[in-house]
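**Q**
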């Protein structure tokens with residue numbers, strides 16, 4: 001160590017006397033700056049979170065911060081369209097909306113012309129700036145959107161009228177949907193590759209004037225709908241393979257009649273559980289009584305009120321070969337694997 005001290009002191013003296021813009025000084029102070037740009041580019045891209053998480057529009061973890069480190073990093077970041085191809089905008093007030101939308105547009109302008117986009121737009125208010133963005137600017141981006149997250153009041157959603165040829169996954173949470181007074185709205189019917197939809201809590205399906213392309217879906221995750229709403233969806237979504245249903249507690253003690261659901265030949269995975277902050281529906285068995293699922297392999301149910309005869313009748317009627325049956329009772333889980341069809 002003592003032998004290395006003179007060399008270290010010499011290096012420090014040399015650096016102290018070097019010009020401040022010396023490449024030697026820069027390399028010694030910031031070794032990472034000596035990496036080839038190709039390596040630095042990959043480090044930047046690998047720092048992005050995986051969907052459904054997004055990099056923040058600003059603040060810690062945002063690619064915008066990379067542009068503030070040094071001129072070299074800024075140039076590298078701005079040369080990477082993929083670095084700007086995923087982002088979530090959250091609008092919390094009318095006052096901040098115009099600035100947020102402008103920053104959102106600037107961010108996306110750096111994503112190039114052909115990089116697939118993953119966009120999240122969440123707004124707690126119906127704002128003029130958001131409605132304007134969902135007209136022409138959004139339509140220009142729509143052909144490139146592969147993953148879309150929308151959570152906002154109903155009115156701005158009426159602005160979305162465009163082709164979305166590569167959209168595959170959608171997370172939707174529309175609040176304040178009117179049952180009358182507005183024309184019905186069919187959304188995402190011009191998205192032929194859309195197969196995965198998540199309906200957040202707050203989305204109301206029964207009787208609402210927003211219609212989705214149920215017939216083409218293979219995966220549906222709905223967080224808080226009623227048994228009647230799920231039965232209606234299953235009547236229309238005959239290609240489903242994977243479903244997770246959060247059940248909303250009934251508004252009255254009087255059960256409503258559920259429609260008879262046609263047999264589903266593709267559904268392999270079904271979870272029926274209470275929705276967020278919802279007490280379990282004691283009439284869960286009524287939905288199973290309406291289902292015939294010959295391809296089912298995994299079934300998970302909350303067993304409060306579940307009738308053993310209904311479960312046995314369902315399995316016999318479906319003639320399915322269950323690999324896993326999981327029955328949840330509060331914090332306790334009973335699980336049986338490799339059940340066969342008996």
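Numbering (full-length UniProt numbering), first residue to last: 1 to 342. Quick reminder that beta carbons are idealized off the backbone N, C-alpha and C, glycines included. Since this is a predicted model, take the numbers as computed values, not measurements.
1) Run through DSSP, which three-state label would residue 274 get?
2) With a CB to CB cut of under 7 Å and the five nearest residues on each side skipped, what residues in its chain are close to residue 195?
3) What did DSSP end up calling residue 223 once you bin it into helix, strand or coil?
4) Quick check: what's the CA-CA separation for residue 93 versus residue 112?
5) Sorted by chain position, which residues of the same chain lie with C-beta nearer than 6 Å to residue 90's C-beta, five sequence neighbours on each side aside?
6) Do the region 264-277 and the region 230-245 make contact, defined as three or more Cβ pairs closer than 8 Å?
7) Can you give the Cα-Cα distance for residue 342 and residue 321, rounded to whole angstroms?
8) Which residue wins for smallest C-alpha separation from residue 141, given the options 151, 130, 117?
9) Return the first residue and the last residue of the alpha helix (DSSP H) that residue 154 is part of.
10) Counting pairs of beta carbons, one from the region 80-90 and one from the region 40-59, are three or more of them closer than 8 Å?
11) Looking at the strands, I want to know which residues DSSP matches up with residue 150.
12) Give me the DSSP bridge partner(s) of residue 298.
13) Just grab the DSSP bridge partners of residue 90 for me.
14) Does the distance from the C-beta atom of residue 129 to that of residue 101 stay below 8 Å?
15) List the DSSP bridge partners of residue 245.
16) Using only alpha-carbon positions, find the residue among 120, 148, 156, 162 that is nearest to residue 139.
17) According to the Cβ coordinates, are residue 188 and residue 222 closer than 8 Å?
18) Taking residue 318 as the reference, which of 328, 310, 294, 86 has the closest Cα?
19) Terminal residues of the continuous alpha helix (DSSP H) containing residue 106?
20) Provide the residue span of the beta strand (DSSP E) that contains residue 264, from first to last.
**A** Let's see:
1) Along the chain shown, one-based indexing puts residue 274 at 274. Reduced to three states, the DSSP call for residue 274 is strand.
2) Reading the chain shown from its first residue, position 195 is the one you call residue 195. These residues qualify, in order along the chain: 168, 216, 217, 218, 219.
3) If you number the chain shown from 1, residue 223 lands on position 223. Strand, per DSSP.
4) Residue numbering aside, residue 93 sits at position 93 when the chain shown is read from its first letter. Residue numbering aside, residue 112 sits at position 112 when the chain shown is read from its first letter. Going from the Cα of residue 93 to the Cα of residue 112 covers about 29 Å.
5) Position 90 of the chain shown, counted from the start, is the residue given in the question as residue 90. Contacts found: 122.
6) yes
7) Within the chain shown, residue 342 is the residue found at index 342, counting from 1. Within the chain shown, residue 321 is the residue found at index 321, counting from 1. Model confidence at residue 342 stands at a pLDDT of 42, short of 50, so the residue's coordinates are unreliable; what they give is reported in the following sentence. Answer to the nearest angstrom: the Cα atoms are 8 Å apart.
8) Mapped onto the chain shown, residue 141 falls at position 141. The residue with the shortest Cα to Cα distance from residue 141 is 117.
9) Taking the first residue of the chain shown as position 1, residue 154 is located at position 154. Element bounds for residue 154: 154-157.
10) yes
11) Looking up residue 150 in the chain shown gives position 150. The partner list for residue 150 (beta bridge, DSSP) reads 121, 172.
12) Residue 298 sits at position 298 when you count from the first residue of the chain shown. DSSP, once it has assigned bridges, lists 269, 324 as partnering residue 298.
13) Counting from one through the chain shown, the residue named residue 90 turns up at place 90. According to DSSP, which records beta bridges pairwise, residue 90 is partnered with 122.
14) Within the chain shown, numbered from 1, the residue matching residue 129 stands at position 129. Within the chain shown, numbered from 1, the residue matching residue 101 stands at position 101. Their beta carbons are under 8 Å apart, which means residue 129 touches residue 101 by this criterion.
15) Indexing the chain shown from 1 puts residue 245 at position 245. Paired residue(s): 222, 272.
16) For this step, residue 139 is matched to residue 139 along the chain shown. The residue with the shortest Cα to Cα distance from residue 139 is 162.
17) For the purposes of this step, residue 188 is identified with residue 188 of the chain shown, where counting begins at 1. For the purposes of this step, residue 222 is identified with residue 222 of the chain shown, where counting begins at 1. No.
18) Residue numbering aside, residue 318 sits at position 318 when the chain shown is read from its first letter. With distances taken between Cα atoms, residue 318 lies closest to 294.
19) In the chain shown, the residue the question calls residue 106 occupies position 106. Run containing residue 106: 97-109, per the alpha helix (DSSP H) assignment.
20) As a working mapping, residue 264 is identified with position 264 in the chain shown. From DSSP, residue 264 is part of no beta strand (DSSP E); its letter is neither H nor E.
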